[in-house]
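Be aware that the sequence shown starts at 1, since it is given in UniProt numbering, and climbs by one per residue.
Every residue gets a Cβ at the ideal spot worked out from N, C-alpha and C, and that includes glycine.
Quick caveat, the model's predicted, so the values are computed rather than measured.
Quick notes on the structure that follows.
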Amino acid sequence: MKIKVGIVGGAGYTAGELVRILLHHEYAELGAIVSSSNAGNPIYQVHDDLVGESDLAFTSELAGDEDVVFLCLGHGNSKAWLSTHELPKTTHIIDLSNDFRLEADAEFQDWEFVYGLPELNRSRIQQAQSIANPGCFATAIQLALLPLAQAGKLTDDVHVSAITGSTGAGQSLSETVHFSWRTNNVSIYKPFTHQHLGEIGESLAQLQPQLDSAMHFIPYRGNFSRGIFASVYTPSDLTQEEARELYQKFYADAPFTTVSDKEIHLKQVVNTNKCLLHVQKFGKQLLITSVIDNLVKGASGQAVQNMNLLFGLPETTGLGLKAGLF
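The structure is reproduced here in structure tokens:
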């Protein structure tokens, strides 16, 4: 049996990545790819990496018989879309916006959303009606900290510096995504106030309920197109070997998250659903570096991983993607 898939908001980066992945997913059948501004046009006219891959065209509406619908809409627009469109209750929703990630927003109308970080909520995802896919920065940072939270070892302030590629800003044009501004340039944005801090805090508190450590997060815009490199450090009484053992044990059954013995870099994960982690101790500070592709493990790949869990498939199905290292 094939899983009938619909996508709403089909012209954006995350939708393009979903199509790229799902075209080669043995159990997925791509149906309606909704884009009101592109209805009737071949998808490869927008996602031109798909030339020769598919003759599918954008539609104006869903078919109505989808098993799962991915919402690839801008933040705030998923709630608006669900308010004006009725889906069968047998349909699962996987939302890629931030509309339903926080506990206070997890119930909307008759829909209930589970936070879709498989390394944290695998069993809940398998039983869920619908999924709130995590944010890209949130994914990289949480994976760097979950083992410490489970062990009750987040006892001091956490400092995070993380840089993301230009695709993290979406396809809409703005000053900071133009080539002439972005190339040979680095800048910070939303220091200490980034919207992903809320979901990170809730996930860490899920594992360490008495958590009262502050998180100081400086996000950077990078002069490359995709990927996130996060440096996370906090005082710790663990030795380097104890910390590595803790991380390796925590992620022993996580097929996409690997603790590397060597220092890591972005090219190891770009175009894949992997997260690589590296743990080092410097004096009293424990440093965890974390790398992901913001569009795959940080968005569309993780969404497919969640779909696999919802439908009882091995979570790696369709996600055997190799990085282009050279």
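PHE250 in three-state terms, based on DSSP: helix
Spatial neighbours of ILE204 in its chain, beta-carbon cut-off 8 angstroms, leaving aside the 5 residues before and after: Note on identity: in this sequence residue 204 is Leu, with Ile being the wrong assignment. Correct list, in chain order: GLN142, LEU145, LEU146, ALA149, LEU154 and LEU211.
Beta-bridge partners of ARG221, as assigned by DSSP: THR164 and SER187
Run of the beta strand (DSSP E) containing VAL114, from where it starts to where it stops: 111-115
Three-way DSSP call (helix, strand, coil) for GLU29 in this model: strand
The segment 116-126 / the segment 181-197 touching (three or more Cβ pairs under 8 angstroms): no
Segment limits, beta strand (DSSP E) that includes ALA132: 130-132
Pairwise C-alpha distance: ILE188 and residue 328: Any question about residue 328 goes unanswered here, given that the chain covers just 1 to 326.
Cutoff 8 angstroms; reference HIS216; Cβ partners in own chain excluding five residues on either side: ASP157, VAL158, HIS159, VAL160 and PHE192
Presumed contact (8 angstroms Cβ cut-off) between ASP253 and THR272, rounded CB distance: Between THR272 and ASP253 the Cβ distance is about 19 angstroms, and since that is not below 8 angstroms, they are no contact.
Limits of the unbroken beta strand (DSSP E) element including GLY301: Premise fails: GLY301 lies in the alpha helix (DSSP H), 301-310, not in any beta strand (DSSP E).
C-alpha gap between residue 361 and THR258, whole angstroms: Since the first and last residues shown for the chain are 1 and 326, residue 361 lies out of range.
Identified DSSP bridge partners for THR272: Answer is none; THR272 lacks a bridge partner.
Three-way DSSP call (helix, strand, coil) for PHE137 in this model: helix
Beta-carbon proximity of THR164 to PRO219, cut-off 9 angstroms: yes
Residue(s) in a DSSP beta bridge with LEU71: VAL8 and ASP95
Distance between CYS136 and GLU107 (C-alpha atoms, nearest Å): 22 angstroms
Three-way DSSP call (helix, strand, coil) for PRO88 in this model: coil
Touching by the beta-carbon criterion (3+ pairs, under 8 angstroms), the segment 90-106 and the segment 278-292: no
Proximal residues to ALA39 (C-beta, below 7 angstroms), its chain only, five neighbours per side dropped: PHE58, THR59 and SER60
Local Cβ density within 10 Å of ASP95, reported as buried at 16 or more and exposed below that: buried
Of the listed residues SER37, PHE179 and ASN306, nearest to GLN127 (C-alpha basis): ASN306
Proximity winner among SER300, ASP99 and LEU238, relative to VAL279 (alpha-carbon distances): LEU238
Pairwise C-alpha distance: LEU117 and PRO235: 26 angstroms
Three-way DSSP call (helix, strand, coil) for GLN127 in this model: coil
Span of the alpha helix (DSSP H), counted from its first residue to its last, around VAL19: 13-22
Spatial distance of SER36 from TRP181 (CA atoms): 30 angstroms
Neighbour-count burial assignment, PRO314, 16 or more Cβ in a 10 Å radius: exposed
CA-to-CA distance, LEU266 to GLY227, given in whole angstroms: 6 angstroms
Other residues of its chain near LEU73: CB distance less than 7 angstroms, five sequence neighbours each side excluded: VAL8, GLY9, TRP81 and SER97
7 angstroms Cβ shell around LYS2 - same chain, five flanking residues per side excluded: TYR27, ALA28 and GLU29
SER203: first and last residue of the uninterrupted alpha helix (DSSP H) it sits in: 197-207
With 16 other Cβ atoms within 10 Å as the buried cut-off, status of GLY6: buried
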